[in-house]
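First comes the structure, then the notes that go with it.
Residue numbers (UniProt numbering): 1 to 1247.
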């Protein structure tokens, strides 16, 4: 085997000793090989493998490290002839399995298990590894504490809740507490960090200018901005002065620019510590930009003038933003805001500390620990003051502490390492690949050492491994070309200078012309593209699918996916040649050589479907977030609605979804008809107005949709109260047809599988200790917040598959061909819009809500923290792009979608600068990867010419040998006839017509019968087997008829509808409906004590009790005439009821089965399929003579002379049905049946 040749930098990293060493290892620089070689060298120098602590970022990396060390040791053993040395190597091989080569979590677990007595914990603990269990346990503890805090009626806690929550819920407070808890926990001393949460709001003696925040944070930032404005205007002036202008057309404009530049330079030189906040405010407000004089210029002059004007415009814009964000109030108002914010921040810290203690106590009671607990307990063990033996023992044992992926450590882990280390840390990493801020990794730890160790006067050492041994030259050149223009310390947290640039090191690659291809799909040619149709937004915390409002796939997304799939198919079919470094030969590409990377998993489902359609094998590393697929978001909205229909956003989502299918104009119509109150009340009002059935066709159609939905919703709510979750979900699928609907969407099979999985997961959930729909919805929200679910990644079954993964998932991997897709997808920046931002420096940077005036103020601390967070986010996204580009070994495709080519041309115009770096505003305000990539690439000569740009990049860019192509594609290029038609119809038709098949007359007759066949019981498919009395009561109007009434199945649909939160008579509307009064009267009749004759006093007492029990509202009670109830019991029917009260039953529920053929006119009489009818009769009693008396109260208003006759006709069928049911229950005939008309104080006997 050929000897490995190490670079000078690698040899330094392998051999240098006696100090802390930071190795900045760029992508593909062979850092793992260097780490292994360093371990082997130390072993050869007789350092035992168990005398080193080697920490990796993942368990997989730890396993790989052990395997590599094991392989190197075996080679050393085979090559060694000296017996003693060979024996030592064999000992190390034996020790390797128990050596401290692991993740830091695994190291801390071993520490706690071994030294639990110093940590003062029970050794019989369980590690809380299940994220779901952890989230639910936290929520349970917090709910108990929150209710306790509410119970204390603490005004400050109430103010805290209102400040961070909204008018719908206090979820904002919960989110704040959990985030503060997590943020505090990555600090070595969480309690101390929380106690300093409000430090930036503290004012000594109420003086803003003397506060630490103002002096050390605010003024330096303002000074930096003023200097930037001065630099912008000086550069704009220089650009203008550099324009060839023999006719002095620009003289006035140049004079204006010089004046403005001079004014801003003077402003930048101000000593801000010598003036007050108000004086600084007045000074900045006095800066005015005059209208620039016009001039007639040629094309080249216009381009250069526009570059200068762009800098001036950006200066004006940013100066205005500075005034709006930081000088929008007087100093006295700012001071008051600081005081109030400090009080609230301290209260927040107090609440979180209480939660922390409660949560720790609950974990102790359950004997469980989290990973963060392990780290805190390890630090506690190492920092013991009374017993330092463990620390001393470990320091004596570990000759060196090696840390891989050091850029991904946090403050707590750093504290553990530095407590244990004795100037013997060997740290390897690449801050350009630090992409785990969401896990609270702190890249500033690496950056601090990177700058400090790089100084000549520092005793520690920085080693840079810049050579990239992974990629062909164009990949390294592409990365350098783009990042030299976009990354610096200001926007990117480090300079992409000579030390940071990749150096082409893979010299074994043959000379290949593999340009980086940028594929841009524009949707203007798409016949289905409607610019007015923007992606539908619903209230979910994570990234949804890009669906249009009619649930069609966004054309940009589908276009990109089709473009990528087609390109992959072309590469494979054309046997695209790649270099096999193992064999040293060129070979045709395989599917396993290809990776598709994206920032999120949003389009993985659509991508999988398209690859499957083209017969391309693929493997999805981890599928799209289960709870973020469109079909699941709709189902979750419906479940939330079933739990509580008074949720406007969830309601609108379901109404707009295919389950109901309302359009925007229909939604608007419902709201216009009832502009006050919540949306569900508007829906109810529309539904309860039967006149809508007789209005114009639009309203009739809408009423039909709403009726169907309201009936279904009530049925689902009833089902939710009585059955398990899985039963409810299955009923939703069956009754709405939603399961079938999604099967017809792109990715239909997978979407149906997702819905089936929801059913199964609901069943699994209820097998745990948690029950009920409300808790299930809460559980799902937790999973959404964590971007997690209950699924597991599918195992890869073949190596020859296209790999689909996120950029995060690709870290540490490499592929010959990489597609970076969805590069124009907007970054998720929602965290910047929250009411607060957390940071190590700012603590809790928050908005303050003035509750009296209901005005929310952004504090100076919050605005400054927001700017810092925006810069950090931009830096994180840049690093993510760096990881994506450097996964490619030979060929890179960057794919993006736009609505039009015009958008692309507008973007590339930002490339027109002569500086190496793109303008600060272009880099800082990037909304997606392409906002960086296109302006950078447009400065390459061939791309600039293609877009007719005049660019003058610095010579350093020309020295980078990056080659690019930009290719546009649209609907006509992608959606060809092969895609539009799954089958070649011409070929199919030819095959069918040339087939020699002779048909006999019998065969023809049989075929005609089949084609004309009709289902025997078609009418039965149009009704339900479960009916309410109110739906079919008119069937029983004439009990003597065998066919009881003419009714079609479509007219019955199980219509029992009520309010979805409380009974109708308990709705909070002030308007009282007759139906509400009627329901309340029935309740009084039901609840009255029949052992004594009811009086006005007795009924009034009962009414007050029902009001106190929230069963009847005061508004309804005022409308009840209790004398009418007294009159009933004075009537002959009422007296008989009182007399026979021991044999009386009220509110009798019943169910009965009737043959379908006897119920529905359109059905065959012989059809005996059962129909289940349910209802509730008001009451009956049995007399001494064993006569059965059936009665029903009616509160209807009686109109006209024939009013009584109309009432009898209206309710004859209902009472006939009650009679049938009662006779089946009692097995004896009903003697008399009465309607009691409350308004007339009269009992009417029905035949």
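For each residue, glycine too, the CB sits at the ideal point set by N, CA and C. All figures in this text were calculated on a predicted structure; none of them were measured in a lab.
Within its chain, find whatever has a CB closer than 8 Å to the CB of residue 822; leave out the 5 residues flanking it on each side and keep chain order.
557, 560, 598, 599, 600, 602, 603, 895, 896 and 897, listed in sequence order.
What number of angstroms, rounded off, separates the C-alpha of residue 740 from the C-alpha of residue 114?
Approximately 57 Å between the Cα atoms of the pair.
Could you have a look at residue 1192 and say whether DSSP puts it in helix, strand or coil?
Strand at residue 1192.
Please list, in chain order, all residues of the same chain as residue 252 whose beta carbon is under 7 Å from its beta carbon, the five residues on each side excluded.
These residues qualify, in order along the chain: 293.
Going straight from the alpha carbon of residue 745 to that of residue 188, what length do you get?
Cα to Cα, the separation comes out at about 51 Å.
If you follow the beta strand (DSSP E) that residue 518 is in, where does it begin and where does it stop?
Element bounds for residue 518: 516-522.
Based on Cα-Cα distance, which residue from 756, 495 and 824 lies nearest to residue 450?
Measuring from the Cα of residue 450, the nearest candidate turns out to be 495.
On the three-pair Cβ rule with 8 Å, is the segment 375-392 touching the segment 235-254?
Output reads no: the segment 235-254 does not touch the segment 375-392.
Could you please give me the residues that DSSP links to residue 806 through a beta bridge?
Bridge partners of residue 806: 598.
Quick one: what's residue 102 bridged to in DSSP?
Residue 102 pairs with 55.
If you compare alpha carbons, which of 186, 161, 168 and 185 is closest to residue 176?
The shortest C-alpha separation from residue 176 is found at 161.
What does a CB cutoff of less than 8 Å around residue 584 pick up in its chain, not counting 5 residues either side in sequence?
Closer than 8 Å at the Cβ level, and outside the excluded window around residue 584, lie 508.
Relative to the alpha-carbon of residue 16, which residue among 434, 423, 828 and 296 has its alpha-carbon at the smallest distance?
Nearest C-alpha to residue 16: 423.
List the residues that DSSP assigns as beta-bridge partners of residue 847.
DSSP, once it has assigned bridges, lists 858 as partnering residue 847.
Can you tell me whether residue 1238 is buried or exposed? The criterion is at least 16 other CB atoms within 10 Å of its CB, across all chains shown.
By the 10 Å Cβ count, residue 1238 comes out buried.
Checking the sheet assignment: what are the DSSP bridge partners for residue 1249?
Residue 1249 is absent from the structure shown; the chain starts at 1 and stops at 1247.
Pull up the distance between the alpha-carbon of residue 835 and that of residue 754, whole angstroms please.
Taking the straight line joining both Cα atoms gives about 34 Å.
How about residue 13 and residue 34: are their beta carbons less than 8 Å apart?
The answer is yes: Cβ separation under 8 Å.
Shortest alpha-carbon distance to residue 127 belongs to which of 142, 147, 820 and 106?
Nearest C-alpha to residue 127: 106.
For a test of the three-state rule: what should DSSP assign to residue 839, helix, strand or coil?
In the structure shown, residue 839 sits in a strand (DSSP, three-state: E or B).
Starting from residue 389, follow the alpha helix (DSSP H) in both directions and report where the run begins and ends.
Its alpha helix (DSSP H) spans residues 389-397.
Assuming contact is defined by CB atoms lying nearer than 8 Å, are residue 658 and residue 738 in contact in what I supplied?
Going by C-beta atoms, residue 658 is nearer than 8 Å to residue 738.
Identify the continuous alpha helix (DSSP H) that holds residue 470 and give its terminal residues.
Element bounds for residue 470: n/a, residue is neither H nor E.
Inspect the CB distances between the segment 22-29 and the segment 415-432 and report whether three or more fall short of 8 Å.
The segment 22-29, when compared against the segment 415-432, does touch it at the 8 Å Cβ threshold.
Considering residue 219, what are the terminal residues of the alpha helix (DSSP H) in which it resides?
Its alpha helix (DSSP H) spans residues 219-241.
Check for me: the beta strand (DSSP E) holding residue 1151 runs from which residue to which?
Counting along the chain, the beta strand (DSSP E) containing residue 1151 begins and ends at 1144-1155.
By DSSP, does residue 325 sit in helix, in strand, or in coil?
Note: residue 325 maps to helix in three-state DSSP.
What are the boundary residues of the beta strand (DSSP E) that residue 889 is part of?
Per DSSP, residue 889 belongs to the beta strand (DSSP E) from 888-898.
Between the C-alpha atoms of residue 1144 and residue 682, what's the straight-line distance to the nearest angstrom?
Their backbone Cα atoms lie some 41 Å apart in a straight line.
Would you kindly work out how many angstroms separate the C-alpha atoms of residue 1200 and residue 1210, rounded to a whole number?
About 15 Å.
To the nearest angstrom, how far is it from the Cα of residue 668 to the Cα of residue 267?
Their Cα atoms are separated by approximately 53 Å.
Between the segment 222-231 and the segment 357-367, can you find at least three pairs of beta-carbon atoms closer than 8 Å?
Too few Cβ pairs lie closer than 8 Å, so no.
Between residue 939 and residue 917, is the Cβ-Cβ spacing less than 8 Å?
Going by C-beta atoms, residue 939 is not nearer than 8 Å to residue 917.
Just to confirm my understanding: we take residue 1041, look at its own chain, exclude 5 residues before and 5 after, and list those with CB closer than 8 Å. What are they?
The pLDDT assigned to residue 1041 is 36, lower than 50, so where the model puts this residue is not dependable; a value taken from the coordinates is nonetheless given after this. Same-chain partners within the cutoff: there are none.
At what residue ranges does the segment 871-950 contain a whole run of the alpha helix (DSSP H), taking only runs of 4 or more?
As far as the segment 871-950 is concerned, its whole alpha helix (DSSP H) runs of at least 4 residues are 901-908, 920-924, 930-937 and 941-946.
So residue 925 and residue 824 are in contact, right, with Cβ under 8 Å, and what is the actual spacing, rounded?
Not a contact, Cβ separation roughly 15 Å.
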